[in-house]
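Student: Straight run, no breaks: the sequence shown in our numbering ends on number 270.
Here it is, the structure, as structure tokens.
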Amino acid sequence: MLRLEDLALFVRAAALNSFSDTAREAGLQPAQVSTAIKRLEQNLNIRLFARSTRSLRLTPEGEAWLPYAQQVLQTLDAGYEQIQPPSDEVRGTLQIAVPSDLGRNLLLDVFQQFRSTYPALSLKLLFSDRITDVFKDPVDVAFRYGNNDDASYIALPVAPENRRVLVASPAYLARYGEPQTLADLAQHNALTFVLRGRVHNSWSFSRHGKMLQVAVKGSMMSDDAEVIHRLAVKGEGITYKSWLDVSEDVQEGRLKLLLPHCLLR
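Right, dumping it as structure tokens:
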């Protein structure tokens, strides 16, 4: 069976007319090149080189076979290049965990643009309000609300000015009135979020430099933040949401910002 390394040494020896120069170029000993050529000649059952102490030249058979050997090597090189990605091409699968509302409302278009920039890359998008453990779960990147308190994570702020706000739809406020103070929230239907089985019905506010906890209650709750968002737009109650999630609805009049003088955490 022909060896590709023997074939390559034959082509270089034919070009250099020297086993010694071929060996030097390949980082081998001249005897190793000579052995490779002899092995090739035995496989082909022909003499490829006419050797003497002072010269090395191709035999007629060697000259006839040389272009075929060159073509074989060129074809293999071309095939190898064809299956290799460009050195700067990003490939593989990137698994991304995103809070459901943030992913659907803001980041989906970003992910589509990212895929257009890196067409060889596959994205696995995990939209969920479950807090992902990037060490235990098969996730490469996780978007999260709040601050990162784990020094073992590499974290970068995406929207450092984001904050939580109180919002309700104009239809809800027309029916039940607009709260004027934090105490008024006790009289309203709060749309609350459930995480890991715990209802988040204690909302944090800042008033006159002091942090206040306000207990709220309501008839509808969900473990999907986007469901809470949609219920608020439909007029089912007041909710406590990230400004990123509701800013477009506020700007277009589907939701109204409440108690803006109370800075939310």
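Don't be surprised by glycine CBs; every beta carbon is placed ideally from N, CA and C.
#1: Tell whether a beta-carbon distance below 8 Å holds between Leu130 and Phe116.
#2: Quick one: measure Cβ to Cβ for Gln34 and Ala41, integer angstroms, because I've assumed they're closer than 8 Å.
#3: DSSP three-state call for Leu217: helix, strand or coil?
#4: In the DSSP assignment, find the alpha helix (DSSP H) that holds Ile88 and state where it starts and stops.
#5: State whether the stretch 71-87 contacts the stretch 189-207, with contact taken as three or more CB pairs (one from each stretch) at a distance under 8 Å.
#6: Just verifying my parser: in three-state terms, what is the DSSP assignment at Tyr239?
#7: How would you write the range of the alpha helix (DSSP H) that Leu178 sits in, first residue to last?
#8: Between Gln185, Gly97, Pro175 and Ser211, which has its C-alpha nearest Arg168's C-alpha?
#9: How about Val255 and Leu249: are their beta carbons less than 8 Å apart?
#10: Where does Val170 fall in DSSP's three states?
#11: With a CB to CB cut of under 8 Å and the five nearest residues on each side skipped, what residues in its chain are close to Glu10?
#12: At the level of alpha carbons, what is the spacing between Ala83 and Ala13?
#13: Using three-state DSSP, classify Ser23 as helix, strand or coil.
#14: Distance check for Leu126 and Leu187, CA to CA, integer angstroms please.
#15: Could you check what DSSP says for Arg62 in three-state terms: helix, strand or coil?
#16: Indicate the three-state DSSP secondary structure (helix, strand or coil) for Thr186 in the structure shown.
#17: Exposed or buried, which one is Glu241 when buried takes at least 16 other CB atoms within 10 Å?
#18: Taking the alpha-carbon of Val163 as reference, which of Thr244, Val77, Val103 and Gly32 has the nearest alpha-carbon?
#19: Roughly how far, in whole angstroms, is the beta-carbon of Ala173 from the beta-carbon of Ala237, given that I think they are within contact range, below 8 Å?
#20: Please classify Ser133: does DSSP put it in a helix, a strand, or coil?
#21: May I have the straight-line CA-CA distance separating Asn50 from Thr64, to the nearest angstrom?
#22: Verify whether the separation of the beta carbon atoms of Leu61 and Phe119 is less than 8 Å.
#23: Are the Cβ atoms of Ala230 and Asp134 separated by less than 8 Å?
#24: Measure the Cβ-Cβ separation of Val251 and Leu264 and say whether it is below 8 Å.
#25: For Lys215, count neighbouring C-beta atoms within 10 Å of its own C-beta (all shown protein chains included) and say buried if the count is 16 or more, exposed if not.
#26: Which term fits Thr58, buried or exposed, when burial requires 16 or more other beta carbons within 10 angstroms of its beta carbon?
Tutor: With the structure as the only source:
#1: Cβ atoms of Leu130 and Phe116: closer than 8 Å.
#2: With a contact defined as Cβ atoms closer than 8 Å, Gln34 and Ala41 miss out at about 11 Å.
#3: Leu217 falls in the strand class under three-state DSSP.
#4: In the DSSP assignment, Ile88 falls within the unbroken alpha helix (DSSP H) covering Pro65 to Ile88.
#5: No, the stretch 71-87 is not in contact with the stretch 189-207.
#6: Reading off the sequence shown, one finds Lys at residue 239, where the question assumed Tyr. Of the three classes helix, strand and coil, the one that applies to Lys239 here is coil, per DSSP.
#7: Counting along the chain, the alpha helix (DSSP H) containing Leu178 begins and ends at Pro175 to Tyr181.
#8: In terms of Cα proximity to Arg168, the closest of Gln185, Gly97, Pro175 and Ser211 is Ser211.
#9: Not in contact: Val255 and Leu249 (Cβ atoms no closer than 8 Å).
#10: It is a strand residue.
#11: Cβ within range, chain order: Ala41.
#12: When rounded, the distance between both Cα atoms is 15 Å.
#13: Coil at Ser23, not helix or strand.
#14: Distance between the alpha carbons of Leu187 and Leu126 is about 48 Å.
#15: DSSP places Arg62 within a strand segment (E or B) once states are collapsed to three.
#16: It is coil, neither helix nor strand.
#17: Buried.
#18: For the residues Thr244, Val77, Val103 and Gly32, the minimum Cα distance to Val163 belongs to Val103.
#19: About 6 Å separates the beta carbon of Ala173 from that of Ala237, a gap short enough to meet the 8 Å contact definition.
#20: Coil.
#21: Asn50 and Thr64: Cα-Cα distance of roughly 13 Å.
#22: Not a contact, by the Cβ cut-off of 8 Å.
#23: Taking C-beta atoms as the reference points, Ala230 and Asp134 count as a pair closer than 8 Å.
#24: No, they are not a contact pair.
#25: Exposed, by the Cβ-count rule.
#26: Its Cβ having fewer than 16 others within 10 Å, Thr58 is exposed.
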